[in-house]
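Chemist: Dropping a structure here in structure tokens format, bear with me for questions.
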Amino acid sequence: MPPHCCAPAKCKNDGSCMFSNRKFENFQAIPTEMLPCGAGCVCVNGNVTCENRCPPVEDVPPVNLPCSPNLAFKGHPDDDNCCLQWMCKEPLKTNYCMFQGSRYLVSEQWEVQKGTQQKLCSCRLSEVGSPEVECRGGCPQIPSKFLQPTEQCLRPVIVNPDDPLMCPYVVCNNTVSGQDLYNVNVVALNSTAVRVRFSLATILVGLIGHAELHFTTDPTLPPAQWHVQKFSRPKRLFDSPNIEYVLNALRPNTTYFLQVKIKIDALQGGPQSELFKLKMPEEIVPTTTTPTPTTTTIPPMMIIDAKAEAHVIDSKTVRISWRNFEPQEKKFIYALQLKYKMQNEAEDKWITTPMIHRDVTSYFLHDLEPSADYVVDVLFTPPKDLPTKIVSTKEDYRLQVAVEDNKLEPDKSSFSFAGIPEPVTKYVHVIKIMYKSSDGEQSYSFKVPKTNHIMLDHLKPGKKYLAQLELYLTNGQTLTSNEVEFITKDAKPQTNISISDNVIDHESHGNGKQAELRQSKDGAEEENRAYFIALVVVAVVAAVAAFGFILLLVLLVRRQASAKAPISRTPSESAYDNPTFLQSEWHSAVFLVVGKHVLTACLFPVRYALHL
1 MPPHCCAPAK CKNDGSCMFS NRKFENFQAI PTEMLPCGAG CVCVNGNVTC ENRCPPVEDV
61 PPVNLPCSPN LAFKGHPDDD NCCLQWMCKE PLKTNYCMFQ GSRYLVSEQW EVQKGTQQKL
121 CSCRLSEVGS PEVECRGGCP QIPSKFLQPT EQCLRPVIVN PDDPLMCPYV VCNNTVSGQD
181 LYNVNVVALN STAVRVRFSL ATILVGLIGH AELHFTTDPT LPPAQWHVQK FSRPKRLFDS
241 PNIEYVLNAL RPNTTYFLQV KIKIDALQGG PQSELFKLKM PEEIVPTTTT PTPTTTTIPP
301 MMIIDAKAEA HVIDSKTVRI SWRNFEPQEK KFIYALQLKY KMQNEAEDKW ITTPMIHRDV
361 TSYFLHDLEP SADYVVDVLF TPPKDLPTKI VSTKEDYRLQ VAVEDNKLEP DKSSFSFAGI
421 PEPVTKYVHV IKIMYKSSDG EQSYSFKVPK TNHIMLDHLK PGKKYLAQLE LYLTNGQTLT
481 SNEVEFITKD AKPQTNISIS DNVIDHESHG NGKQAELRQS KDGAEEENRA YFIALVVVAV
541 VAAVAAFGFI LLLVLLVRRQ ASAKAPISRT PSESAYDNPT FLQSEWHSAV FLVVGKHVLT
601 ACLFPVRYAL HL
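Note that UniProt numbering has the sequence shown beginning at 1, numbered continuously upward.
So this is what it looks like as structure tokens:
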């Protein structure tokens with residue numbers, strides 16, 4: 001019916017959605033009670049689009065979690081029953097003690113018989129709340145005279161063994177002067193690691209022994225109760241005077257007292273350093289503000305010593321084992337790998353194992369070459385989005401240098417050294433050559449190496465020398481080579497020496513060589529003087545001969561001039577009136593060159609008349 005002639009327009013699709021038999025308009029949110037826990041859905045252009053509103057949860061606990069990974073678990077916060085996140089749980093505290101394979105409850109007592117000793121043991125809680133075993137009785141009291149210092153025992157110390165059945169005893173903690181241990185440097189690498197560097201006296205290099213790092217947080221404790229970490233070089237040999245070790249697993253934000261002691265097997269004790277006080281940096285503390293997310297300050301680099309060891313299983317199989325990492329270290333380790341290659345292979349021949357879990361402490365390497373030497377290193381992989389670089393204490397600079405050969409000449413010697421990989425400039429900044437002659441003269445020279453060959457010059461012929469190389473590496477360390485003894489060749493006689501171009505360096509030549517050069521120079525001057533005198537005599541003789549020749553020529557010319565005769569005229573007539581009379585003058589000159597002197601002889605003009 002007019003005016004409604006046309007039907008109203010309708011949209012084929014208005015963007016609405018059907019969800020659970022309910023219609024929702026375009027861009028309308030779906031109620032949460034209709035959705036699974038943690039999901040959020042919206043109607044968009046006829047389609048229901050959903051996304052998970054819970055943040056993703058990784059498989060391993062994050063590094064900023066304020067507890068050990070062993071105490072971490074996935075759970076729901078108190079204000080959210082949908083989303084999972086990593087949380088910490090309280091550690092379970094045991095209420096019993098273990099003693100010789102038996103379990104005893106707290107406050108329980110029992111008797112123990114060991115030989116003639118009988119002790120009463122009990123399970124009690126320590127100051128930190130952990131149960132421990134305490135045994136009393138059965139041990140005689142230590143007399144006070146053994147606790148007084150004497151000449152034989154300067155510092156008597158009572159030692160309480162960990163075994164409760166062992167009685168306390170007294171030991172002598174004698175000190176040794178630390179003058180042989182110098183350049184001691186203790187630096188905190190991060191909040192849990194300390195680097196210790198020191199230098200040994202040369203007399204101790206080559207001896208068998210180990211180093212001990214004693215440390216504690218309470219310097220008033222007896223030395224026997226300090227913590228001790230032992231370090232040793234390969235084969236327990238002090239092969240270098242410069243030693244460096246890294247001590248890990250320390251507590252952050254804690255003051256430590258450290259002392260280095262050297263134990264030499266052939267000596268009764270060894271040198272020790274002074275007492276060092278060092279405060280560790282603060283721990284990585286997560287900072288949370290509202291409404292910003294958690295931020296963490298983490299170290300850029302962390303050094304971890306895995307203490308890897310190799311155990312041969314058969315001719316083609318080796319088991320590589322390493323220590324169990326501390327909970328603080330595991331926060332920075334997501335996984336680890338082993339890389340290995342034959343010792344003489346190139347750097348691009350490394351073989352890398354698959355990822356190994358951080359809780360695993362060993363791995364088998366199969367299909368190896370029999371009777372071959374392999375190099376194995378540990379690689380650490382930090383967690384995702386963690387910029388910390390984890391470095392193993394194994395370095396490329398753990399080198400040993402030795403002089404293999406030297407070529408001798410009268411005033412110099414060429415050395416060839418081994419033990420430094422190519423290119424040499426990557427590892428060595430400069431080489432110091434220390435040498436001593438047989439007459440006691442000590443000198444040294446610095447060289448910048450390009451290859452494993454260096455030249456030592458300014459030596460004296462026929463002398464006996466004792467030389468040694470000291471290499472300054474690019475990482476700041478110093479290597480010392482073995483000592484080489486050699487005798488330079490005798491000098492050859494000098495025959496041809498230039499007088500005008502020879503320049504003698506008085507600082508680099510000996511007095512003997514100066515005298516020899518001066519004598520040769522005087523002989524050459526006498527020879528040149530005799531040659532010059534002979535040359536002057538020859539020049540004088542040549543000049544006299546030339547003068548005689550000129551005089552004879554003049555006489556001949558004058559004789560021809562006086563032999564003319566008249567033809568037709570009388571002598572009184574003037575010949576100049578005749579135009580046909582020709583006058584001519586001959587001027588003659590003779591030039592003689594004798595050596596560097598020019599002799600000139602001029603003939604007087606000769607006038608003659610010719611009548612035609």
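Built from N, CA and C at the ideal position, the CB exists for glycine as well. Quick caveat: nothing in here was measured; it's all calculated off a predicted structure.
When we look at the beta-carbon of residue 423 and count the other beta-carbons within 10 Å, is it buried (16 or more) or exposed?
Modeler: As a first step, residue 423 is located in the sequence shown; it is residue number 423 there, counting from the start. Exposed, because fewer than 16 other Cβ atoms sit within 10 Å of the Cβ of residue 423.
Chemist: May I have the straight-line CA-CA distance separating residue 408 from residue 529, to the nearest angstrom?
Modeler: Sequence index remark: in the sequence shown, residue 408 carries index 408 (1-based). Sequence index remark: in the sequence shown, residue 529 carries index 529 (1-based). Going from the Cα of residue 408 to the Cα of residue 529 covers about 40 Å.
Chemist: Got a sec, what are the start and stop residues for the alpha helix (DSSP H) residue 330 sits in?
Modeler: As a working note, residue 330 is residue 330 in the sequence shown. From DSSP, the alpha helix (DSSP H) with residue 330 extends over 327-330.
Chemist: DSSP three-state label for residue 582, please.
Modeler: Position 582 of the sequence shown holds residue 582. With a pLDDT of 44 at residue 582, under the threshold of 50, the predicted position of this residue should be treated as unreliable, though the coordinate-derived value follows. In this structure, residue 582 counts as strand in the three-state DSSP scheme.
Chemist: To the nearest angstrom, report how far apart residue 81 and residue 42 are at their CA atoms.
Modeler: For the purposes of this step, residue 81 is identified with residue 81 of the sequence shown, where counting begins at 1. For the purposes of this step, residue 42 is identified with residue 42 of the sequence shown, where counting begins at 1. Roughly 22 Å between the two C-alpha positions.
Chemist: If contact is defined by three or more beta carbon pairs under 8 Å, each pair taking one atom from either stretch, is the stretch 424-431 in contact with the stretch 459-478?
Modeler: The stretch 459-478 is in contact with the stretch 424-431.
Chemist: Using a Cβ-Cβ cut-off of 7 Å, state whether residue 455 counts as contacting chain C.
Modeler: Structure shown: chain C not included; a single protein chain is present.
Chemist: On the three-state DSSP scale, how would you describe residue 441?
Modeler: Numbered from 1 along the sequence shown, position 441 holds the residue referred to as residue 441. Residue state, collapsed to three classes: coil.
Chemist: Quick one: what does DSSP say residue 323 is sitting in, helix, strand or coil?
Modeler: Working through the sequence shown from its first residue, we reach residue 323 at position 323. Residue 323 falls in the coil class under three-state DSSP.
Chemist: Do you know offhand how far residue 506's Cα is from residue 460's?
Modeler: Stepping through the sequence shown from its first residue, residue 506 is reached at position 506. Stepping through the sequence shown from its first residue, residue 460 is reached at position 460. With a pLDDT of only 42 at residue 506, under 50, the local geometry of the prediction cannot be trusted, and the value read off the model is given with reservation. Answer to the nearest angstrom: the Cα atoms are 14 Å apart.
Chemist: Just checking, does the stretch 200-212 make contact with the stretch 233-244 on the three C-beta pairs under 8 Å criterion?
Modeler: Touching, yes, given that three or more Cβ pairs across the two stretches are closer than 8 Å.
Chemist: When DSSP labels each residue in this structure, what does residue 34 get in the three-state scheme?
Modeler: Position 34 of the sequence shown, counted from the first residue, corresponds to residue 34. The answer is helix: DSSP assigns residue 34 an H, G or I state.
Chemist: Would you identify the three-state DSSP class for residue 95, choosing helix, strand or coil?
Modeler: On the sequence shown, residue 95 is found 95 positions in, with the first residue counted as 1. Reduced to three states, the DSSP call for residue 95 is coil.
Chemist: Quick check: the Cα distance between residue 185 and residue 262, rounded to an integer number of angstroms?
Modeler: The residue given as residue 185 occupies position 185 in the sequence shown. The residue given as residue 262 occupies position 262 in the sequence shown. Rounded to the nearest angstrom, the two C-alpha atoms are 15 Å apart.
Chemist: What are the boundary residues of the beta strand (DSSP E) that includes residue 426?
Modeler: Here residue 426 is taken as the residue at index 426 of the sequence shown, counted from 1. Here residue 426 belongs to no beta strand (DSSP E); instead the alpha helix (DSSP H) covers 424-427.
Chemist: If you count every other CB in all the chains shown that lies within 10 Å of the CB of residue 481, and 16 or more means buried, which is it?
Modeler: Taking the first residue of the sequence shown as position 1, residue 481 is located at position 481. Classification of residue 481: buried, given that the 10 Å Cβ count is 16 or more.
Chemist: For residue 102, which three-state DSSP category applies?
Modeler: In the sequence shown, the residue the question calls residue 102 occupies position 102. Residue 102 falls in the strand class under three-state DSSP.
Chemist: Nearest-angstrom Cα distance between residue 63 and residue 332?
Modeler: Stepping through the sequence shown from its first residue, residue 63 is reached at position 63. Stepping through the sequence shown from its first residue, residue 332 is reached at position 332. Approximately 7 Å, taken between the alpha carbons.
Chemist: Report all residues from its chain with a CB closer than 6 Å to the CB of residue 243; omit the five preceding and five following residues, and keep chain order.
Modeler: Translated into the one-based positions of the sequence shown, residue 243 becomes position 243. Excluding sequence neighbours, residue 243 sits near 198.
Chemist: Contact check, residue 375 vs residue 310 under 8 Å by CB: the rounded distance?
Modeler: Here residue 375 is taken as the residue at index 375 of the sequence shown, counted from 1. Here residue 310 is taken as the residue at index 310 of the sequence shown, counted from 1. So it is not a contact: roughly 10 Å between Cβ atoms.
Chemist: Flag this pair as touching only if the stretch 367-387 and the stretch 303-318 have three or more C-beta atom pairs under 8 Å; answer yes or no.
Modeler: Yes, they touch.
Chemist: Helix, strand or coil, according to DSSP, for residue 550 in the structure here?
Modeler: As a position in the sequence shown, residue 550 is number 550, starting the count at 1. Three-state DSSP puts residue 550 in a helix.
Chemist: Under the DSSP definition of a beta bridge, which residues are partnered with residue 128?
Modeler: Within the sequence shown, numbered from 1, the residue matching residue 128 stands at position 128. BP columns for residue 128 are empty, so no partner.
Chemist: Under the three-state reduction of DSSP, which class applies to residue 482: helix, strand or coil?
Modeler: Taking the sequence shown and counting its residues from 1, the one referred to as residue 482 is at position 482. DSSP places residue 482 in strand when its eight states are reduced to three.
Chemist: Rounded to whole angstroms, what's the CA-CA distance from residue 436 to residue 260? Just pull it up for me.
Modeler: Mapped onto the sequence shown, residue 436 falls at position 436. Mapped onto the sequence shown, residue 260 falls at position 260. Approximately 34 Å, taken between the alpha carbons.
Chemist: Going by beta-carbon coordinates alone, are residue 188 and residue 194 separated by less than 7 Å?
Modeler: Stepping through the sequence shown from its first residue, residue 188 is reached at position 188. Stepping through the sequence shown from its first residue, residue 194 is reached at position 194. Going by C-beta atoms, residue 188 is nearer than 7 Å to residue 194.
Chemist: On the criterion of 16 or more Cβ atoms from any shown chain inside 10 Å, does residue 143 qualify as buried, or is it exposed?
Modeler: Stepping through the sequence shown from its first residue, residue 143 is reached at position 143. Per the 10 Å Cβ criterion, exposed.
Chemist: On the CB-based measure, 16 or more other CB atoms within 10 Å of its CB, does residue 270 come out buried or exposed?
Modeler: Residue mapping note: residue 270 aligns to position 270 of the sequence shown, counting from 1. Its Cβ being crowded by 16 or more others within 10 Å, residue 270 is buried.
Chemist: Under 7 Å between the Cβ atoms of residue 105 and residue 96?
Modeler: Residue mapping note: residue 105 aligns to position 105 of the sequence shown, counting from 1. Residue mapping note: residue 96 aligns to position 96 of the sequence shown, counting from 1. Yes; because the gap between Cβ atoms is below 7 Å, this pair is in contact.
Chemist: Looking at C-alpha atoms only, which residue of 414, 433, 252 and 241 is the closest neighbour of residue 477?
Modeler: One-based indexing of the sequence shown puts residue 477 at position 477. Of the listed residues, the one whose Cα sits closest to residue 477 is 241.
Chemist: My output table needs one value for residue 469: the three-state DSSP class, helix, strand or coil.
Modeler: Locating residue 469 in the sequence shown gives position 469, counting from the first residue. In this structure, residue 469 counts as strand in the three-state DSSP scheme.
Chemist: Could you give the first and the last residue of the continuous beta strand (DSSP E) run that contains residue 212?
Modeler: Position 212 of the sequence shown, counted from the start, is the residue given in the question as residue 212. Residue 212 -> beta strand (DSSP E) spans 209-216.
Chemist: Taking the alpha carbon of residue 252 as the reference point, which residue from 112, 421 and 280 has its own alpha carbon closest?
Modeler: Counted from its first residue, the sequence shown places residue 252 at position 252. Checked all of 112, 421 and 280; the closest Cα to residue 252 is 280.
Chemist: Going straight from the alpha carbon of residue 385 to that of residue 192, what length do you get?
Modeler: In the sequence shown, counting from the first residue as 1, residue 385 sits at position 385. In the sequence shown, counting from the first residue as 1, residue 192 sits at position 192. Answer to the nearest angstrom: the Cα atoms are 22 Å apart.
Chemist: Take the Cβ of residue 292 as the centre, count every other Cβ of all protein chains shown within 10 Å, and call the residue buried at 16 or more, exposed below.
Modeler: Mapped onto the sequence shown, residue 292 falls at position 292. Model confidence at residue 292 stands at a pLDDT of 45, short of 50, so the residue's coordinates are unreliable and nothing is read from them.
Chemist: Grab me the residues of residue 372's own chain with a C-beta within less than 7 Å of its C-beta, minus the 5 sequence neighbours each way, in chain order.
Modeler: If you number the sequence shown from 1, residue 372 lands on position 372. Cβ within range, chain order: 342.
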